[in-house]
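Q: The structure follows.
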Amino acid sequence: MTDRMTSPWGEHRLTRFPEDPRDRLRAWDAADTYLLRHLADDAIPLEGSVVIVGDRWGALTTALSAAGPVQITDSHLTRQATGANLARAGADASAVRLLTTQDPPPERIDVLLVRVPKSLALLEDQLNRLAPAVHERTVVVGTGMVKEIHTSTLRLFERIIGPTRTSLAEKKARLVFCTPAPGIVREANPWPLTYRLPDGIGVMSGRTVVNHAGVFCADRLDIGTRFLLGHLPRVRGAQRVVDLGCGNGVVGTAMALSDPEADVLFVDESFQAVASAEATYRANVAGTAGFRVADGLAGVPDGSVDLVVTNPPFHSHQATTDSTAWRMFSGARAALRPGGELWVIGNRHLGYHLKLRRLFGNSELVASDAKFVILRAVRKDAGR
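Here it is as structure tokens:
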């Protein structure tokens, strides 16, 4: 959906990525406009090093592009949306630096604007990484919808940056004001987190997992992945296997351990996830694999893959949507060779079998329990 956001910095036509005319979700919300109004109303000078963290679809970065901000995001989709929105606004893209959460942060920050993420762990990691660049005159303002800002959120700002308070709610959005305390004593950043998997789960029993902040199930094996590990497809020989939406890489690593000849590619749109998958793989496997931050299988040659295994997300930030799963399934079908297979695990109620039948013309139930189903779809030929 293309929509117009009006702020003291003008009116901007903004889209999410990838653009979909059927998508009714906006690329901005009240939390973005509340922050922009506050910056203008309080005449906060956007001078020096302006850093924007967690901008959902580039709304803040686009509106404030004249200040030459640094955007830090964990999302490949956010980076793509930001580039498109900057271009649409006629902004000088060269004046904006787009960094990922895995890049070294700026050495000095004069204005720090934080779109509070859904993941408290990701906020903790990012504040710890950015805190050394903050000084006593740094302006620190966070923003989010009321349902995204909790007492634990404020405690993180307070513990890592300095004294913190909140604004009144406005259109169900709230601001967070934090005053840097240069003498604050911080605990060591706990991220990334390393833990040992339990026994009784097949080839991954007792193996090491590395999770960067913000990646699903940071400190334990989730029940869906545990169920999938008990029903993994058999791989024989030098097959091209993709762990799509790889998260911390447990499934792809299990496939690599099951068949050392397999050529495994880990793909996720999260920079934190791909870093986690690579660390998990290297902690357990001596061979080589591919690691790719991308929108699904975009860029993977058609007909080049033998097997895709995925557990699709059904949330985009706070919104429930099946658009991500649909893109992942469509991309998998294009990437698979004739006879290649897509294996999907998901909650029973999501009805993925219907989507697979529409795309592949077939869908087979491999296994199920009270909560999950594992489905298998085969690309029958090049035409269907």
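Note that the working numbering has the sequence shown beginning at 888, numbered continuously upward.
Even for Gly, the Cβ is constructed at its ideal location relative to N, Cα and C.
1. I believe proline 1067 touches threonine 1025 by the beta-carbon criterion, under 8 Å. Please report the beta-carbon distance rounded to the nearest angstrom.
2. Please go through the segment 888-950 and give each complete alpha helix (DSSP H) segment of 4 or more residues, from N-terminal end onward.
3. Short of 6 Å in beta carbon distance, which residues of its chain neighbour glutamine 967, apart from the five on each side in sequence? Order them along the chain.
4. Terminal residues of the continuous beta strand (DSSP E) containing glutamine 958?
5. Please identify the residue among Arg924, Val1196 and Glu934 whose C-alpha is closest to the C-alpha of glycine 1062.
6. Entirely within the segment 1145-1177 and at least 3 residues each: give me those beta strand (DSSP E) ranges in chain order.
7. What is the rounded straight-line gap between the Cα of threonine 969 and the Cα of arginine 1113?
8. Could you please give the first and the last residue of the uninterrupted alpha helix (DSSP H) stretch that includes phenylalanine 1044?
9. Would you report the Cα separation of alanine 1212 and proline 1200, rounded to the nearest angstrom?
10. Give the single residue among Leu947, Asp910 and Glu906 whose Cα lies nearest to the Cα of proline 895.
11. With respect to the beta strand (DSSP E) encompassing arginine 1052, which residues constitute its N-terminal and C-terminal limits?
12. Assign histidine 1037 to one of two classes, buried (16 or more other C-beta atoms within 10 Å of its C-beta) or exposed (fewer than that).
13. Is the beta carbon of alanine 1264 sitting closer than 8 Å to the one on leucine 1237?
14. What is the rounded straight-line gap between the Cα of glutamate 1011 and the Cα of threonine 1040?
15. According to DSSP, which residues form a beta bridge with cysteine 1065?
16. Find the nearest neighbour of valine 1090 within the set Ile1110, Val1172 and Leu1009, judged by alpha-carbon distance.
17. Taking DSSP as the reference, what is the three-state secondary structure of serine 1210?
18. Have a look at threonine 1107 and asparagine 1098 and give me their C-alpha separation to the nearest angstrom.
19. In three-state terms, what does DSSP make of isoleucine 1088?
20. When we look at the beta-carbon of arginine 943 and count the other beta-carbons within 10 Å, is it buried (16 or more) or exposed?
21. Round the Cβ separation of threonine 1051 and glutamate 1045 to the nearest angstrom and send it over; I've been treating them as touching at under 8 Å.
22. Answer yes or no: do glycine 1190 and arginine 1224 have a C-beta to C-beta separation smaller than 8 Å?
23. Could you give the first and the last residue of the continuous alpha helix (DSSP H) run that contains glutamate 1011?
24. Tell me which same chain residues have a C-beta within less than 7 Å of the C-beta of serine 1217, skipping the five on either side of it?
25. Examine the Cβ distances between the segment 1000-1015 and the segment 1169-1183 and report whether three or more of them are shorter than 8 Å.
26. Mind checking which residues open and close the beta strand (DSSP E) that includes glycine 977?
27. Contact between the segment 1002-1009 and the segment 970-983: three or more CB pairs below 8 Å?
28. Can you name the start and end residues of the alpha helix (DSSP H) that glycine 1111 belongs to?
29. May I ask you to report which of helix, strand or coil DSSP gives leucine 1243?
30. Which residue's Cα is closest to the Cα of aspartate 997: Gly977, Val957 and Ala978?
31. Taking just the CA atoms, how far does glutamate 1251 sit from isoleucine 1048?
32. If we count the other Cβ atoms within 10 Å of its Cβ and call it buried at 16 or more, is alanine 974 buried or exposed?
33. Report the rounded CA-to-CA distance for leucine 999 versus glycine 897, giving the unit in angstroms.
34. Are there 16 or more other CB atoms within 10 angstroms of the CB of isoleucine 1261, so buried, or fewer, so exposed?
35. If tyrosine 1168 sits next to alanine 1176, beta carbons under 8 Å apart, how far is it from one beta carbon to the other, in whole angstroms?
36. Starting from threonine 987, trace the beta strand (DSSP E) in both directions and tell me its first and last residue.
A: Checking against the coordinates, here is how it stands:
1. Indeed they touch by this definition, with Cβ atoms about 5 Å apart.
2. The segment 888-950 contains these whole alpha helix (DSSP H) runs: 917-928 and 946-950.
3. In its chain, beyond the 5 residues on either side, Phe904 have a beta carbon closer than 6 Å to the beta carbon of glutamine 967.
4. Residues 957-960.
5. The displayed chain sequence assigns leucine, not glycine, to residue 1062. Minimum Cα distance to leucine 1062 is reached at Arg924.
6. For the segment 1145-1177, whole beta strand (DSSP E) runs of length 3 or above, ordered along the chain, are 1150-1155.
7. Rounded to whole angstroms, threonine 969 to arginine 1113 spans 36 Å at the Cα level.
8. 1038-1047 is the extent of the alpha helix (DSSP H) around phenylalanine 1044.
9. For the pair alanine 1212 and proline 1200, the Cα-to-Cα distance works out to about 7 Å.
10. With distances taken between Cα atoms, proline 895 lies closest to Leu947.
11. Start and end: 1051-1053.
12. Counting the other Cβ atoms within 10 Å of the Cβ of histidine 1037 gives fewer than 16, which makes it exposed.
13. No, they are not a contact pair.
14. Looking at the backbone, the Cα of glutamate 1011 and that of threonine 1040 are separated by about 9 Å.
15. Under DSSP, cysteine 1065 forms a beta bridge with Val1027 and Thr1051.
16. Residue nearest to valine 1090 within the set Ile1110, Val1172 and Leu1009 is Val1172 (criterion: CA-CA distance).
17. If DSSP states are grouped into helix, strand and coil, serine 1210 belongs with the helices.
18. What sits at residue 1107 in the sequence shown is arginine, not threonine. Between arginine 1107 and asparagine 1098, the C-alpha separation is close to 10 Å.
19. Isoleucine 1088 sits in coil when the DSSP states are folded into three classes, being neither helix nor strand.
20. Burial call: buried.
21. At roughly 4 Å, the Cβ-Cβ gap stays under 8 Å, so threonine 1051 and glutamate 1045 are in contact.
22. Yes, these two residues count as a Cβ contact at 8 Å.
23. Element bounds for glutamate 1011: 1007-1017.
24. Shown here for serine 1217: same chain residues with a beta carbon closer than 7 Å to its own, the five before and five after excluded, namely Leu1246 in chain order.
25. Touching, no, given that fewer than three Cβ pairs across the two stretches are closer than 8 Å.
26. Premise fails: glycine 977 is in no beta strand (DSSP E) and is neither H nor E.
27. Under the three-pair Cβ rule at 8 Å, the segment 1002-1009 does not count as touching the segment 970-983.
28. Residues 1110-1116.
29. Here leucine 1243 sits in helix by DSSP.
30. Aspartate 997 has its Cα closest to that of Val957, out of Gly977, Val957 and Ala978.
31. In this structure, the straight-line span from the alpha carbon of isoleucine 1048 to that of glutamate 1251 is close to 52 Å.
32. Taking all protein chains shown into account, alanine 974 has fewer than 16 neighbouring C-beta atoms within 10 Å of its C-beta and is therefore exposed.
33. Cα to Cα, the separation comes out at about 21 Å.
34. Taking all protein chains in view, the Cβ of isoleucine 1261 is crowded by 16 or more other Cβ atoms within 10 Å, so the residue is classified as buried.
35. Rounded, the Cβ-Cβ distance is 6 Å, consistent with contact.
36. Counting along the chain, the beta strand (DSSP E) containing threonine 987 begins and ends at 984-987.
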